[in-house]
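Note that the protein sequences, when read in sequence, are chains W and L.
In this text, residue positions in the first sequence follow the working numbering: the first is 1, and each later residue adds one.
In this text, residue positions in the second sequence follow the working numbering: the first is 1001, and each later residue adds one.
Just so it is clear, CB atoms sit at the ideal spot from N, CA and C, and this is done for glycine as well.
Since the structure is predicted, the reported quantities are computational estimates derived from the model, not experimental observations.
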Amino acid sequence: MSFRELPHTADIKIEARAPTKEMLFSEACNALMQIMYGKDRRSRDTIELVVDADDTEALLADFLSEVLFRSEVDGLVFSDAEVHIDGSHLHAVMHGELFDRDRHAGGTEVKGISYSGMSITRDTNGYMLEILFDV
Amino acid sequence: MIEGVTHVGVNEWEVPVGYVPGMRVPGRFFLSEPLAEILEAGALQQLANVATMPGIIKNSLAMPDIHWGYGFPIGGVAAFALDTGVISPGGVGFDINCGVRLLTTPLEQKDVAGRRDLVDGLFHAVPTGVGAKSAHKVSPRALDEMMVKGARWAVENGFGVPRDLVRCEETGCMREADIRAVSAKAKQRGIPQGGTLGSGNHFLEIQVVREIYDAPAAAAFGLRAGQVCCMIHCGSRGLGHQTCTDHLKVLESATKKYQISLPDRQLACAPITSPEGREYFGAMAASANYAWANRQMITHTVRQVLGRMFRIEYESMPLVYDVAHNVAKMEEHMVDGRRSMVCVHRKGATRAFGPGEPDLPPELAALGQPVIIPGSMGTSSFVLKGTQVAMDRTFGSTCHGAGRIMSRSQAKKQLSGKDISDNLLSKGIMVRAPSDNALVDEAPDVYKSSDEVVKVVHDVGISRLVARLSPIGVIKG
């Protein structure tokens, strides 16, 4: 599993790769959290998220939007996500900790998950994602 | 020369119907030749995509700060007929009513020169950056009032003076706000964030008026050479972001329901007259009002800090104006020789109403609306005035800023926060930011020259230069 930032002038474009769709979603969440809060994110608390959507792209957009929402209102910084997908239904066990200004204030707030330029593809090596975060 | 587009006049280009399949009208954008050299193909494609949307009037337009965004290009403007047209969150953005306001002071540069404590004082008083929470407790009921009344809620609750309101676009309140269309999640995000700046390109700057180009307009706007001013750039925070996210999902289904064919999913839209379209517009207006209340609360904090530090009166710091950059509005414009109500989307563009328009404060009616164009950290900001040319050609719109030219990833490779801060200090600009990362993301080098962008809008005539300001203190979000 890995992700990297691709050049985009206005926003943040991410390319992620993973062997399974579930791990791809988890890696996209990892990218989102790293942009916002940096790399020092610990696993101290656990919450669960449930999302339903019509297709894979919408499921990913809705999952990441829900991560943004829970992170902001609960003051949580997620370290990793165990994602389970069953058709149009997603269930995630989210590990993380409370926001700590000393360690987490160095990032950039993501305002939203964009469908523009979003692509999820699959080849013999697994899944690849391109996604744009509005910052 | 950009491939596939026609240079139709000085600083003016046309994207012909057929550039992408399904275009209903041509695209048109305003750009000098040097700026055209660096235009991204992605931005052009987005401009053309907007031209495929139902009910679009005349042209899909872009201002000279056009760049690659999502949905509409940044710098994009489009008007839609009320009966046949659509409304789209992709034409507004996640940060609904991200905007900017300019506050004057009675101070001169010599009064604030070298006052690091001013920058520090503002940095500590205005919550900035990721995870920042407001010092103001807002009850759920007060939040509803913020969304209904906008800046007026803030003034009624002691965060300003009534005169501030006449110096805001729409007097700081869209009457169409519908708080029932704002989700519980959006409200939950809005409660702790009133009076916070946010992060990214949001900022608070102490600036000095360096040049006056139009003395009568500058005097009427309250500006004079050498004067210290304060610019505030922020938006509707998590409440607006959530509103966009929520309604994007609804409008995605609506796009299918109303059988609208679109080249980009982010342009999801619904007929303006449909229940889904109306609900988005009502929720967007409520979020826009929250943003106006938010900027008004920050204004109050800034006045308190300046008042305490320099012993100046609260009332001696009037507002020049407050403009929205990301918004959809119902406005009257000339269409086919008749004044008609249309839905204007501005995505990274500024309203620039000309003389005589009804929304202008009476004392500025003969001059045109003040337009505030922020620069980047090291570069000039500008005040312009709206024109009849803008009314005739761009649905009363102009540019909103410099526009990025370098990605954040590239900036991180090439620049360091310490170098940027030292370099700015050598130019007499003090900077405070929550992190080095925030400085690198928004370094002066990542933006086009704001001078060149405003020169294009001035030369085309869609707004005219009034004054130039340059920063001496910057608080980055």
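Measuring only between beta-carbons, confirm whether residue i sits less than 9 Å from chain W.
i, result
"C1244 (chain L)", "yes"
"Q1259 (chain L)", "no"
"V1037 (chain L)", "According to the sequence shown, residue 1037 (chain L) is Glu rather than Val. It does not: the Cβ of E1037 (chain L) has no partner Cβ on chain W nearer than 9 Å."
"F1094 (chain L)", "yes"
"H1241 (chain L)", "yes"
"E1040 (chain L)", "yes"
"L1248 (chain L)", "yes"
"G1090 (chain L)", "yes"
"S1331 (chain L)", "Going by the sequence as given, residue 1331 (chain L) is Glu instead of Ser. It does not; no Cβ of chain W falls within 9 Å."
"G1027 (chain L)", "no"
"E1252 (chain L)", "yes"
"Q1296 (chain L)", "no"
"Q1046 (chain L)", "yes"
Mind checking if residue i is an interface residue toward chain L, Cβ cutoff 9 Å exclusive?
i, result
"I47 (chain W)", "no"
"S2 (chain W)", "no"
"H89 (chain W)", "no"
"R44 (chain W)", "no"
"R17 (chain W)", "no"
"R101 (chain W)", "yes"
"F69 (chain W)", "yes"
"P95 (chain W)", "Going by the sequence as given, residue 95 (chain W) is His instead of Pro. So, not an interface residue."
"I120 (chain W)", "no"
"S116 (chain W)", "yes"
"V50 (chain W)", "no"
"A10 (chain W)", "yes"
"K21 (chain W)", "no"
"K111 (chain W)", "yes"
"L132 (chain W)", "yes"
"L6 (chain W)", "yes"
"A58 (chain W)", "yes"
"M36 (chain W)", "yes"
"S65 (chain W)", "yes"
"T124 (chain W)", "no"
What residues match up with residue i in a beta bridge as DSSP calls it?
i, result
"K1476 (chain L)", "L:F1203"
"T121 (chain W)", "W:M128"
"A8 (chain W)", "Here residue 8 (chain W) turns out to be His, not Ala, going by the sequence shown. BP columns for H8 (chain W) are empty, so no partner."
"H91 (chain W)", "W:V50, W:H84"
"I14 (chain W)", "W:E5, W:I131"
"R1242 (chain L)", "The sequence given here has Gln at residue 1242 (chain L), not Arg. According to DSSP, which records beta bridges pairwise, Q1242 (chain L) is partnered with nothing at all."
"N1326 (chain L)", "L:K1347"
"A1467 (chain L)", "L:I1212, L:V1383"
"R1311 (chain L)", "Answer is none; R1311 (chain L) lacks a bridge partner."
"S1134 (chain L)", "Bridge partners of S1134 (chain L): none, in fact."
"E1332 (chain L)", "L:M1341"
"M949 (chain L)", "With chain L represented from 1001 up to 1477, any question about residue 949 (chain L) goes unanswered, as that position is not in the structure."
"V1228 (chain L)", "L:V1208"
"H976 (chain L)", "This structure gives no information on residue 976 (chain L), because the portion of chain L shown stretches from 1001 to 1477."
"C1234 (chain L)", "L:G1099"
So, do the region 1096-1103 of chain L and the region 1316-1327 of chain L have three or more beta carbon pairs nearer to each other than 8 Å? yes
Got a sec: which bits of the region 1395-1429 of chain L sit with their beta carbon under 8 Å from any beta carbon on chain W, in order along the chain? R1404, I1405, M1406, S1407, R1408, S1409, Q1410
What ranges does the beta strand (DSSP E) occupy inside the region 1076-1113 of chain L, keeping only unbroken runs of at least 3 residues that lie completely in it? 1099-1108
Could you pull out every unbroken beta strand (DSSP E) segment of at least 3 residues lying fully inside the region 1364-1413 of chain L, listed in chain order? 1370-1373, 1381-1385
Measuring CB atoms only, is the region 1148-1156 of chain L touching the region 1209-1216 of chain L, in the sense that at least three cross pairs come out at less than 8 Å? no
Contact residues within the region 1304-1329 of chain L, judged by C-beta distance below 9 Å to chain W: none
Can you give, in chain order, each stretch of the alpha helix (DSSP H) that sits fully within the region 1002-1073 of chain L and has at least 4 residues? 1033-1037, 1041-1050
Would you list, in chain order, the members of the region 1182-1208 of chain L that have their beta-carbon closer than 7 Å to a beta-carbon of chain W? K1185, Q1188, R1189, G1198, S1199, G1200
Output the residue ranges of the beta strand (DSSP E) runs that lie fully inside the region 40-84 of chain W and measure 3 residues or longer, sorted by chain position. 45-52
Chain W contacts from the region 1431-1454 of chain L (Cβ-Cβ distance under 9 Å): P1434, S1435, D1436, N1437, A1438, D1441, V1446
Check distances from the C-beta atoms of the region 1053-1084 of chain L to those of chain W and list, in chain order, the residues that come in under 7 Å. H1067, W1068, G1069, Y1070, G1071, I1074
Touching or not, the region 1008-1021 of chain L and the region 20-36 of chain W, by the rule of three or more beta carbon pairs under 8 Å? no
Three CB pairs or more closer than 8 Å across the region 1373-1389 of chain L and the region 1446-1459 of chain L: yes
What residues from the region 1129-1142 of chain L come within 7 Å of chain W, judged by C-beta to C-beta, listed N to C? G1129, V1130, G1131
Whole alpha helix (DSSP H) elements within the region 93-117 of chain W, 4-residue minimum: 101-104
Should the region 1405-1413 of chain L be called in touch with the region 2-22 of chain W, which here means at least 3 C-beta pairs below 8 Å? yes
Counting beta carbon pairs with one atom in the region 1259-1266 of chain L and one in the region 1166-1180 of chain L, are three or more of them shorter than 8 Å? no
Ranges of the beta strand (DSSP E) found wholly within the region 1269-1306 of chain L, counting only runs of at least 3: none
Does the region 78-92 of chain W come close enough to the region 40-57 of chain W to have 3 or more Cβ pairs within less than 8 Å? yes
Should the region 1299-1306 of chain L be regarded as contacting the region 1242-1250 of chain L, the criterion being three or more beta carbon pairs within less than 8 Å? no
Any 3 or more C-beta pairs closer than 8 Å across the region 1248-1261 of chain L and the region 1337-1353 of chain L: no
Count the C-beta pairs between the region 101-119 of chain W and the region 1016-1023 of chain L that are closer than 8 Å, then say yes if the count reaches three, no if not. no
What are the residues in the region 1263-1290 of chain L lying within 7 Å of chain W by C-beta distance? D1264, R1265, Q1266
Hey, is the region 1376-1385 of chain L in contact with the region 1462-1469 of chain L, meaning 3+ C-beta pairs nearer than 8 Å? yes
Using Cβ-Cβ distances below 7 Å, what residues of the region 1214-1243 of chain L are close to chain W? G1238, H1241, Q1242
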